[in-house]
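Student:
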Amino acid sequence: MTLSDTTTPTGAVHDRRTVRALLGALDASLDPDRRERLARDTAAVAADPAALDTRFPSAGRVYGRLPLPDRALPDRAGWAVEDAVRAALLLAVAPDRTATETAARYAQGDAAERRGVLLSLPYLPLGGAAASLTDDALRSNDTRLVIAALGPYARAHLDQHRWRHAVLKCLFTEIPLSVVAGLHERKDVELARMAQAFADERRAAGRPVPADLVLLVPDRGRDR
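Sequential numbering from 1 applies to the sequence shown in the numbering used here.
1) Report the residue ranges of all alpha helix (DSSP H) runs contained in full by the stretch 70–149; include only those spanning at least 4 residues, in chain order.
2) Going by DSSP, name the residue or residues bridged to P67.
3) Over what stretch of residues does the alpha helix (DSSP H) that includes L38 continue unbroken?
4) Taking the alpha-carbon positions, what's the L52 to R114 distance?
5) Give me the Cα-Cα distance between G60 and E82, rounded to the nearest whole angstrom.
6) Tell me the rounded alpha-carbon separation between S120 and R86.
7) Answer with buried or exposed for F226, where buried requires no fewer than 16 other C-beta atoms within 10 angstroms of its C-beta.
8) Quick check: what's the CA-CA separation for P152 versus R164?
9) With a Cβ-Cβ cutoff of 9 Å, do L89 and D41 count as a contact?
10) Rounded to whole angstroms, how far is the Cβ of D27 from the Cβ of R35, which I believe are closer than 8 Å?
11) In or out: G116 buried (at least 16 other Cβ within 10 Å) or exposed?
12) I'd like the list of long-range same chain contacts for P57, defined as Cβ closer than 8 Å, with 5 residues on each side in sequence excluded.
13) Near A12, what residues of its chain come up, given a Cβ to Cβ distance below 8 Å and the 5 sequence neighbours on each side ignored?
14) What did DSSP end up calling K187 once you bin it into helix, strand or coil?
15) Using beta-carbon positions only, say whether K169 and L138 come within less than 9 Å of one another.
16) So which of L38, A94 and A99 has the shortest CA-CA distance to A47?
17) Where does Y106 land, buried or exposed, given buried means 16+ other C-beta within 10 angstroms?
18) Is it the case that the Cβ atoms of L177 and A148 are separated by a distance below 9 Å?
19) Mapping the DSSP letters down to three states, classify S58 as helix, strand or coil.
20) What did DSSP end up calling H14 once you bin it into helix, strand or coil?
21) Can you tell which of A80, S140, I175 and T134 has the C-alpha that lies nearest to the C-alpha of A156?
22) Within a Cβ cutoff of 6 Å, which residues of the same chain sit near A154, ignoring the five residues on either side of it in sequence?
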């Protein structure tokens, strides 16, 4: 292993080894014809980001929507082949254009394209420049986007206030807290207070309390 295997690309959350693991899992999932096509597509994007205009939306149709088979990736939960293809396409963009092109793919995309963008964020040299995309997804009523937004990028770049409210939204929408990257490292007394207030309101209304509440309020989280 070389030093470059474990260093982190400037502004990215994940190191190069993790990026290579994602691309390796994608490569293993494609047949030879699709591998060759992806090589051509990423080369076209590297030469001119405008090539994303057709290639990014068509990733599911061209490469498939099956689950990505690799189980070694730190944030691979729910990844599909089309998500990994979209990440590979964004990784091919020159670093000085990555933030602009990533924002454009999100703004112009349908739900599947936006999900691909959100899952790609920790792999890209973005720093905090894409936090507004995470914020937008967390305002969505589409639970697929909320889940995709709560990965390692949110763990690294959402401030504590916004992050707490994102976790609380999971309780409201019955999204398992297991999808929240960094939950045990970032949960704090204020989040526990907010979660307990939510539980008290639910009990007062005669409604069940999510079982996951115990992860935030271990003393009183269990429904009684």
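Where is the CB? At the ideal position from N, CA and C, for every residue including glycine. Just so you know, these numbers come straight off a predicted model, no measurement behind them.
Tutor: Reading it off the structure:
1) 81–91, 95–108, 111–120, 131–138 and 143–149
2) Counting from one through the sequence shown, the residue named residue 67 turns up at place 67. The partner list for P67 (beta bridge, DSSP) reads A80.
3) One-based indexing of the sequence shown puts residue 38 at position 38. That run of the alpha helix (DSSP H) goes P32 to A47.
4) Working through the sequence shown from its first residue, we reach residue 52 at position 52. Working through the sequence shown from its first residue, we reach residue 114 at position 114. Spanning the two alpha carbons is a distance of roughly 14 Å.
5) Along the sequence shown, one-based indexing puts residue 60 at 60. Along the sequence shown, one-based indexing puts residue 82 at 82. Spanning the two alpha carbons is a distance of roughly 5 Å.
6) To locate residue 120, count along the sequence shown from 1; it is residue 120. To locate residue 86, count along the sequence shown from 1; it is residue 86. Taking the straight line joining both Cα atoms gives about 8 Å.
7) No answer is possible for residue 226: the residues shown for the chain start at 1 and end at 224.
8) For this step, residue 152 is matched to residue 152 along the sequence shown. For this step, residue 164 is matched to residue 164 along the sequence shown. Near 15 Å, if we compare the C-alpha coordinates of R164 and P152.
9) Residue 89 sits at position 89 when you count from the first residue of the sequence shown. Residue 41 sits at position 41 when you count from the first residue of the sequence shown. Yes, the Cβ-Cβ distance between L89 and D41 is below 9 Å.
10) For the purposes of this step, residue 27 is taken as residue 27 along the sequence shown, with counting starting at 1. For the purposes of this step, residue 35 is taken as residue 35 along the sequence shown, with counting starting at 1. Right, the Cβ-Cβ distance comes to about 6 Å (below 8 Å), so this counts as a contact.
11) Residue mapping note: residue 116 aligns to position 116 of the sequence shown, counting from 1. Its Cβ being crowded by 16 or more others within 10 Å, G116 is buried.
12) Position 57 of the sequence shown holds residue 57. Taken in chain order, the residues that qualify are G109, D110 and E113.
13) Here residue 12 is taken as the residue at index 12 of the sequence shown, counted from 1. Closer than 8 Å at the Cβ level, and outside the excluded window around A12, lie V19, P122, Y123, L124, P125 and L126.
14) Working through the sequence shown from its first residue, we reach residue 187 at position 187. Here K187 sits in coil by DSSP.
15) On the sequence shown, position 169 is the one that residue 169 refers to. On the sequence shown, position 138 is the one that residue 138 refers to. Against a cut-off of 9 Å, the Cβ pair of L138 and K169 comes out as a contact.
16) Walking along the sequence shown from the start, residue 47 turns up at place 47. Ranking the options by Cα distance to A47, first place goes to A94.
17) Residue 106 sits at position 106 when you count from the first residue of the sequence shown. The residue is buried, with at least 16 neighbouring Cβ atoms inside 10 Å.
18) Locating residue 177 in the sequence shown gives position 177, where the first residue counts as 1. Locating residue 148 in the sequence shown gives position 148, where the first residue counts as 1. No, the Cβ-Cβ distance between L177 and A148 is not below 9 Å.
19) Residue numbering aside, residue 58 sits at position 58 when the sequence shown is read from its first letter. Note: S58 maps to coil in three-state DSSP.
20) One-based indexing of the sequence shown puts residue 14 at position 14. It is coil, neither helix nor strand.
21) The sequence position of residue 156 within the sequence shown is 156, counting from 1. A156 has its Cα closest to that of T134, out of A80, S140, I175 and T134.
22) Reading the sequence shown from its first residue, position 154 is the one you call residue 154. Counting only Cβ-Cβ distances below 6 Å, and skipping sequence neighbours, we find T134.
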